[in-house]
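Written below as structure tokens is the structure these notes are about.
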Amino acid sequence: MSDNTAKAWSWIPSLYFAEGIPYVVAMTIAVIMYKNLGMSNTDIALHTSWLYLPWVIKPFWSPMVDLLRTKRWWVLTMQWLLAVAFAVIALVLRSQDVDLHSGLTIGGRLTLAMLWVVAFASATHDIAADGYYMLALDEHQQSLFVGIRSTFYRIASITGQGLLVMLAGYLETRLGVAKAWGGVFATLAALFTILAFYHMALMPQIEHTVRAYSNDDTSRGGLRQLLADFMHKDNIVVALLFMLLYRLSEALLSKMSAPFMLDSPEAGGLGLTTAQVGMAYGTVGVICLTAGGIIGGLCIARHGLKAWMWPMALAITLPDIVYVILAYMTEPSVTLITTCVAIEQLGYGFGFSAYMMYLIYVARGEHKTSHYAFCTGLMALGMMLPGMAAGWLQTQLGYQHFFILVMICVIPTLALIPLLNIDSDFGKNKGQN
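Going letter by letter, the sequence shown gives residues 259 to 691 in my numbering.
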């Protein structure tokens with residue numbers, strides 16, 4: 259093992275753990291926290307979906323990260339900023355009894371403002387961490403650590419959606435809801451303070467100034483040309499629709515699944531405790547999501563993307579029916595609920611593999627890095643816009659009819675599959691016959 263590879267073990271796992279936590283906070287923990295604090299489903303979906311915006315526009319400010327300071331500086335600065343934002347949220351929640359049943363209070367607005375800071379810092383941290391990884395390691399080392407990156411990102415997901423949510427559930431029975439979540443965010447603030455100090459000591463200073471983009475790419479004219487080239491790709495209209503609509507049903511479902519589990523049976527929900535949601539959705543669900551993604555990747559590597567597009571599209575959509583079944587059941591057991599979540603998340607992970615490979619397929623060409631960034635921005639937009647309406651739709655329809663609507667929304671996803679032009683060998687392992 260080379261000295262550089264040995265040193266990389268000291269910072270890659272912790273760096274990608276740090277990358278995963280704030281994303282989970284913005285996308286999942288915020289939903290559960292605001293539901294516990296009494297915010298309406300309409301407001302939860304609207305406010306937390308807006309937090310996708312930094313990832314939507316990330317391709318347009320990533321050149322700034324490349325031009326101003328070093329990747330290491332951005333990583334460390336964002337980790338300190340995240341520590342401060344988490345500390346402010348903790349202070350607000352622990353210093354006053356935040357109750358959002360009657361709308362956004364001053365305390366509620368402060369927590370939401372800090373979550374915006376978390377979202378922007380998280381998206382910027384993504385850019386810097388991925389760029390630093392590519393600069394610090396050669397191609398062989400990058401391939402060696404790609405699985406480690408993914409593993410520790412998933413560990414962060416389980417820590418955030420699972421362990422921290424279960425911690426909140428444990429604390430709320432002793433301290434009350436607001437102070438319990440204050441304790442969770444105080445834990446996050448302490449964690450990111452430790453991570454920032456740790457990375458200051460162990461992330462090597464590669465260069466004083468590193469630019470991953472050419473001046474042509476980062477100039478205003480360069481960005482316009484990149485967009486123009488992107489819009490002239492073959493079958494681009496279908497590709498854009500597919501990127502926006504493939505996860506339409508999941509975009510609606512993801513914002514209302516946790517509120518559905520937490521709401522009382524009288525309100526049409528399942529009546530689970532916060533800790534039970536942390537176990538079912540945040541632990542078992544994430545493990546199944548990860549397993550589905552691994553299986554999906556292996557299938558595509560063996561037979562190619564085109565061969566698996568239909569099965570994966572069905573896998574990401576049809577298992578959503580478990581929520582329709584749960585909504586019509588009377589007091590289903592926690593075991594049954596957990597099993598249903600596991601089935602849905604396993605299918606989502608399996609089907610999402612096709613989506614990520616399709617983004618890579620669309621991005622092929624001279625500017626594949628920049629074009630892939632555009633694709634990921636569209637991916638975030640496809641989750642953001644439907645998610646904003648999810649709470650209002652659920653409030654108008656009730657959970658039962660809302661989940662039926664989710665199933666109806668699989669139609670646009672499936673209708674686009676026959677229109678895709680995908681090379682039969684794309685994604686297939688070249689060693690396969």
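In this text, a Cβ means the ideal position worked out from N, Cα and C, and glycines have one as well. This one's a predicted model, so the numbers in the text were calculated from it and none came from an experiment.
Reference residue i, options the options, closest by Cα
i    : options                   : result
K542 : L421, H561 and K513       : The displayed chain sequence assigns Val, not Lys, to residue 542. Of L421, H561 and K513, the residue nearest in Cα terms is L421.
Y581 : V592, S591, L511 and I552 : L511
Q419 : V283, M615 and L572       : V283
A381 : W332, V356 and G361       : W332
D492 : W267, N679, G609 and L273 : N679
L556 : L528, S515 and K686       : K686
R327 : L530, I464 and A371       : I464
Q534 : L339, L594 and Y456       : L594
F344 : A444, W439, Y310 and A414 : A444
S628 : A647, P670, Q483 and M614 : Q483
A276 : D487, A386 and K513       : A386
A447 : L499, H561, A341 and R622 : A341
F660 : A565, P321, S611 and D578 : D578
L373 : I452, L339 and L393       : L339
V599 : I583, A288 and A379       : I583
L273 : T532, H383 and I558       : H383
S682 : G480, P676, H561 and E524 : H561
A379 : A631, S320, R407 and L368 : S320
A565 : W650, H625 and P676       : P676
E430 : A414, Y310, F610 and T532 : T532
S353 : K437, A414, F610 and L520 : K437
N509 : M291, W308 and I494       : According to the sequence shown, residue 509 is Ala rather than Asn. The residue with the shortest Cα to Cα distance from A509 is W308.
A612 : T369, M501, L433 and I406 : M501
Assumed close pair residue i, residue j - CB separation to whole angstroms, cut-off 8 Å
i    : j    : result
V442 : G389 : Wrong, their Cβ atoms sit about 30 Å apart, outside the cutoff.
P280 : F410 : Rounded, the Cβ-Cβ distance is 14 Å, inconsistent with contact.
T575 : V496 : That belief does not hold up - the Cβ atoms of T575 and V496 are roughly 18 Å apart, past 8 Å.
G536 : V423 : 3 Å
G551 : M570 : Actually they do not touch by this definition, with Cβ atoms about 11 Å apart.
L351 : A454 : Going by Cβ atoms, the distance from L351 to A454 rounds to 22 Å, so no, they are not a contact pair.
G427 : A348 : Going by Cβ atoms, the distance from G427 to A348 rounds to 17 Å, so no, they are not a contact pair.
L503 : L674 : 6 Å
T772 : L506 : No statement about residue 772 is possible, as the shown extent of the chain runs from 259 to 691 and does not include it.
A266 : F403 : 6 Å
Q337 : H490 : Q337 to H490, Cβ: 39 Å. No contact.
T306 : K513 : 7 Å
Residue i, DSSP secondary structure in three states
i    : result
C667 : coil
W267 : coil
E602 : helix
Y504 : coil
F684 : coil
Q354 : coil
L622 : Residue identity differs from the one stated: residue 622 is Arg in this sequence, not Leu. Three-state result, R622: coil.
P462 : coil
K491 : coil
Y471 : At Y471, the pLDDT of 47 sits below 50, so the modelled position is not reliable and the matter cannot be decided from this model.
D578 : helix
L498 : helix
P676 : helix
E589 : coil
I553 : helix
G361 : coil
Check: residue i C-beta below 7 Å from any heavy atom of the ligand SAH
i    : result
A371 : The model on display carries no ligand, and the ligand SAH is accordingly not part of it.
Self-check item: Start-end ranges of the alpha helix (DSSP H) lying completely within the stretch 282-352, minimum 4 residues
Solution: Fully enclosed alpha helix (DSSP H) runs of 4 or longer: 288-294, 299-308 and 311-325.
Quiz item: If we count Cβ pairs, one from each stretch, closer than 8 Å, do we get three or more for the stretch 631-649 versus the stretch 577-592?
Solution: The stretch 631-649, when compared against the stretch 577-592, does not touch it at the 8 Å Cβ threshold.
Quiz item: Should the stretch 543-559 be regarded as contacting the stretch 594-613, the criterion being three or more beta carbon pairs within less than 8 Å?
Solution: In short, these stretches touch, since the Cβ pair count reaches three.
Quiz item: Taking contact to mean at least 3 C-beta pairs separated by less than 8 Å, is the stretch 617-635 in contact with the stretch 303-320?
Solution: Taking 8 Å as the limit for Cβ pairs, the verdict is that the stretch 303-320 does touch the stretch 617-635.
Quiz item: Do the stretch 295-310 and the stretch 607-621 meet, that is, are 3 or more Cβ pairs less than 8 Å apart?
Solution: Too few Cβ pairs lie closer than 8 Å, so no.
Practice problem: Note down, one range per segment and in chain order, each alpha helix (DSSP H) of at least 4 residues found wholly within the stretch 372-452. | Solution: Listed in chain order, the complete alpha helix (DSSP H) runs (minimum 4 residues) inside the stretch 372-452 are 397-415 and 423-433.
Quiz item: Is there contact between the stretch 287-296 and the stretch 356-373, where contact requires at least three CB pairs shorter than 8 Å?
Solution: Output reads yes: the stretch 356-373 touches the stretch 287-296.
Quiz item: Can you give, in chain order, each stretch of the beta strand (DSSP E) that sits fully within the stretch 607-662 and has at least 3 residues?
Solution: Within the stretch 607-662, no beta strand (DSSP E) run of at least 3 residues lies entirely inside it.
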